[in-house]
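Enquirer: Below: one structure in structure tokens.
2 protein chains.
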Amino acid sequence: MSAFLQKLEAATKRNDSMLCIGLDPDPKLMPEMPVAKFLCDIVEATKDLVCAYKPNFAFFEAMGLDGWRALQEVMRVMAKDVVTIADAKRGDIGNTSAAYAKATFEVWGFDVATVAPYMGYDSVQPFIDYKDKGVLILCRTSNPGSADFQNLNAGGRPLFEQVALKANEWNKHKNIGLVTGATHPDELKRVRELCPDLPLLIPGVGAQDGDLVASVKAGLDAKGGGIIVSSSREVLYASKGRDFAQASRKVAERLRAEIQQAAKA
Amino acid sequence: MSAFLQKLEAATKRNDSMLCIGLDPDPKLMPEMPVAKFLCDIVEATKDLVCAYKPNFAFFEAMGLDGWRALQEVMRVMAKDVVTIADAKRGDIGNTSAAYAKATFEVWGFDVATVAPYMGYDSVQPFIDYKDKGVLILCRTSNPGSADFQNLNAGGRPLFEQVALKANEWNKHKNIGLVTGATHPDELKRVRELCPDLPLLIPGVGAQDGDLVASVKAGLDAKGGGIIVSSSREVLYASKGRDFAQASRKVAERLRAEIQQAAKA
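Protein sequences, first through last, are from chains A and B. Under our numbering, the first residue of the first sequence is numbered 1, with each subsequent residue one higher. Under our numbering, the first residue of the second sequence is numbered 1, with each subsequent residue one higher.
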């Protein structure tokens with residue numbers, strides 16, 4: 001088992017949680033305060049409730065250098081025993097992807113990266129080659145436009161299934177997983193059938209209206225685990241008042257319980 | 001005609017050039033000096049020879065905050081009348097892509113962004129909605145792994161052709177183009193047939209061994225233009241000595257001439 005999977009399993013067990021909180025800071029939705037403090041307070045208030053945190057780079061980049069400084073501060077407060085996922089959906093030619101992998105794993109120090117599959121194996125390989133790290137490949141994403149290409153019949157099956165099969169084939173270090181949105185539970189189930197052993201990151205519950213219960217049931221592996229259910233806006237923006245961190249904690253507690261309940265049903 | 005296409009046409013005409021220099025700083029390949037100074041000197045030495053510069057974000061990100069500071073300095077010296085392409089291959093769900101588009105066009109101030117198509121329309125739309133800016137969608141990329149998915153038979157034609165057709169369909173503001181590598185001139189020709197009016201960014205000449213002459217011939221539009229031929233390593237790393245900027249200029253001069261010659265043949 002790769003170091004990434006060990007860490008994920010340990011965090012899931014310790015916090016009795018398959019919940020990941022997506023860190024997507026949007027100054028328009030936040031209380032008026034520095035972004036780093038906002039996120040650090042939420043991390044402090046929820047760190048015993050999650051198996052992972054997932055900062056999405058877009059929201060930090062949109063704040064210029066200040067955003068990257070905020071991300072540095074957040075990295076410092078995330079507990080060493082919770083999985084950190086760099087959600088940046090990288091993909092480029094081999095030597096360039098190697099620079100992205102270095103940035104994600106060595107410069108930033110994340111445990112896991114999300115990557116886009118369109119450019120094929122050599123765009124993903126530099127990430128996979130960090131054997132202790134995790135790589136989550138976009139498969140069936142949660143957004144409305146995802147059907148444009150992912151559901152095309154590609155060589156006899158939908159494109160997202162081809163991606164799932166390639167993920168199995170490429171998984172020599174047992175550190176690959178897939179991103180499969182909660183907005184398509186039937187297709188999530190199909191991915192689980194094709195990839196019984198891969199961890200699945202499941203975004204799209206909450207603001208995107210994905211079906212939490214159906215997605216958890218569809219995504220669980222044979223051991224009753226193997227999923228990371230991610231919510232961003234619903235948790236982060238639970239309150240714009242001074243109680244924002246405690247309000248986030250309450251939403252995270254509820255989501256954690258809903259996931260556990262669905263998993264045990 | 002969109003502001004992006006006007007700027008591209010004007011720069012191409014003024015400098016008699018369809019050459020783009022990719023700015024991929026790699027400290028291992030450079031002379032020993034600050035990255036910002038290295039790139040600024042190359043920009044100064046070549047700015048009358050190109051229609052565009054294309055910094056690839058991976059190489060800046062791999063240097064941490066210092067990398068982003070270097071990119072800021074480079075942005076300042078790039079001539080206002082040469083097209084600036086942010087090569088970051090972005091793609092995420094709608095509200096997240098909107099943050100990336102804001103970062104690229106408003107925070108950084110680039111003219112053009114490269115984007116990945118896998119997540120479909122709502123992942124690309126926030127970029128397109130900046131009507132004055134350009135959006136280059138990955139179509140048939142130059143790397144070896146590109147065949148893994150891009151050449152799958154998807155609904156009766158290769159996936160990259162489906163992407164090309166969607167690009168036509170989405171091009172309501174006339175600001176979309178495609179990325180089609182010089183390593184596949186036959187497929188580049190096919191893309192040009194399907195998309196007679198879209199500008200094509202053609203990377204892969206030089207270090208990646210793409211066929212410059214065949215690619216130029218295959219990519220030209222009916223007016224004998226519509227291509228941006230990009231070279232990175234061959235130009236940047238022409239010399240590790242004190243003459244590096246002049247050595248880069250010489251390679252850029254040669255490439256510009258080779259492109260013009262192929263276009264006129």
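Don't be surprised by glycine CBs; every beta carbon is placed ideally from N, CA and C. Just so it is clear, the structure is predicted and the values come from calculations on it, not from any experiment.
I'd like to know if A/A273 contacts chain B, where contact means its C-beta is closer than 8 Å to some C-beta of that chain.
Expert: What the structure shows of chain A is the stretch from 1 to 265, and residue 273 of chain A is not part of that stretch, so it cannot be assessed.
Enquirer: Relative to the alpha-carbon of B/L194, which residue among B/N168, B/L212 and B/A182 has its alpha-carbon at the smallest distance?
Expert: B/N168
Enquirer: Hey, would you say B/V77 sits closer than 8 Å to B/C51, going by beta carbons?
Expert: No, the pair does not count as a contact, with Cβ atoms beyond the cut-off.
Enquirer: A/G145 and B/G177 - do their beta-carbons sit closer together than 8 Å?
Expert: Taking 8 Å as the Cβ cut-off, B/G177 and A/G145 do not qualify as a contacting pair.
Enquirer: Write down every uninterrupted run of the alpha helix (DSSP H) in the region 31-108 of chain A whose length is 4 residues or greater and which is fully enclosed by it, in chain order.
Expert: 35-46, 57-61, 65-77 and 94-102
Enquirer: What in chain B is Cβ-close to A/L159, meaning under 9 Å?
Expert: Y118, F149, L152, A154 and L159
Enquirer: Which whole runs of the beta strand (DSSP E) in the region 187-238 of chain B are 3 residues long or more, in chain order?
Expert: 200-202 and 227-231
Enquirer: Kindly list the residues whose CB is nearer than 7 Å to the CB of B/L204, restricted to its own chain and excluding five residues on each side of it in sequence; keep chain order.
Expert: Per the sequence shown, the amino acid found at residue 204 of chain B is Gly instead of Leu. Excluding sequence neighbours, B/G204 sits near S142, G181, A182, T183 and G210.
Enquirer: Out of A/K264, A/L236 and A/L165, which one is the CA nearest neighbour of A/T46?
Expert: A/L236
Enquirer: DSSP puts A/A113 in a beta bridge; with which residues?
Expert: A/A86 and A/V135
Enquirer: Please state the DSSP three-state secondary structure of A/P25.
Expert: coil
Enquirer: Is the separation between the beta-carbon of A/S2 and that of A/K174 shorter than 8 Å?
Expert: Going by C-beta atoms, A/S2 is nearer than 8 Å to A/K174.
Enquirer: When DSSP labels each residue in this structure, what does B/N268 get in the three-state scheme?
Expert: The requested residue 268 of chain B does not occur in the structure, where chain B is confined to residues 1 to 265.
Enquirer: Since B/R90 and B/A116 should fall inside the 8 Å C-beta cutoff, what is the C-beta to C-beta distance between them, to a whole number of angstroms?
Expert: A Cβ-Cβ distance of about 7 Å is found for the pair B/R90 and B/A116, placing them in contact under the 8 Å criterion.
Enquirer: Measure the beta-carbon distance from B/D81 to B/R14 and round it to whole angstroms, keeping in mind my assumption that it falls under 8 Å.
Expert: 7 Å
Enquirer: Reducing DSSP to helix, strand and coil, say where B/A265 ends up.
Expert: Coil at B/A265, not helix or strand.
Enquirer: Are any of the Cβ atoms in chain B nearer than 8 Å to that of A/I266?
Expert: Past the edges of chain A, shown from 1 to 265, lies residue 266 of chain A, and the structure says nothing about it.
Enquirer: What does the Cβ neighbour count give for B/L29, buried or exposed, with the cut at 16 atoms within 10 Å?
Expert: exposed
Enquirer: Roughly how many angstroms lie between the CA atoms of B/A268 and B/A88, to the nearest whole one?
Expert: Nothing in the structure corresponds to residue 268 of chain B, since chain B is present only between 1 and 265.
Enquirer: Mind listing which residues of the region 120-149 of chain B have their C-beta closer than 7 Å to chain A's C-betas, in chain order?
Expert: G120, Y121, D122, S123, L138, T141, S142, N143, P144, G145, S146, A147, D148 and F149
Enquirer: By the criterion of Cβ-Cβ separation under 9 Å, what are the contact partners of A/I93 in chain B?
Expert: T141, S142, N143, P144, G145, S146, G181, P203, G204 and Q208
Enquirer: Going by the beta-carbon positions, is the gap between A/D16 and A/Q260 smaller than 8 Å?
Expert: Contact flag set, yes.
Enquirer: Are A/A99 and B/A62 close, meaning C-beta to C-beta below 8 Å?
Expert: yes
Enquirer: Is it true that the region 230-248 of chain B meets the region 17-25 of chain B, where meeting means three or more beta-carbon pairs spaced less than 8 Å apart?
Expert: Short answer: they touch.
Enquirer: Do A/Q125 and A/G94 come within 8 Å of each other at the CB atom, strictly closer than that value?
Expert: A contact, by the Cβ cut-off of 8 Å.
Enquirer: Checking 8 Å against the spacing of the C-beta atoms, do B/C139 and B/V163 come in under that value?
Expert: yes
Enquirer: How many Å lie between B/A245 and B/M33 at the Cα?
Expert: 13 Å
Enquirer: With distances taken between CB atoms, is the gap from A/F149 to A/L136 smaller than 8 Å?
Expert: no
Enquirer: Closer than 7 Å: is that where the CB of A/G204 sits relative to any heavy atom of the ligand ATP?
Expert: The ligand ATP is not among the ligands present in this structure, which contains no ligands whatsoever.
Enquirer: For B/V83, would you say it is in contact with chain A, using Cβ-to-Cβ distances shorter than 8 Å as the test?
Expert: The beta carbon of B/V83 sits no closer than 8 Å to any beta carbon of chain A.
Enquirer: From the beta carbon of A/F110, is the nearest beta carbon of chain B less than 8 Å away?
Expert: no
Enquirer: Using the beta-carbon count (16 or more within 10 Å), is B/A265 buried or exposed?
Expert: exposed
Enquirer: Would you please verify whether the beta carbon of B/Q162 is less than 8 Å from any beta carbon of chain A?
Expert: yes
Enquirer: Hey, would you say B/G219 sits closer than 8 Å to B/L188, going by beta carbons?
Expert: Contact flag set, yes.
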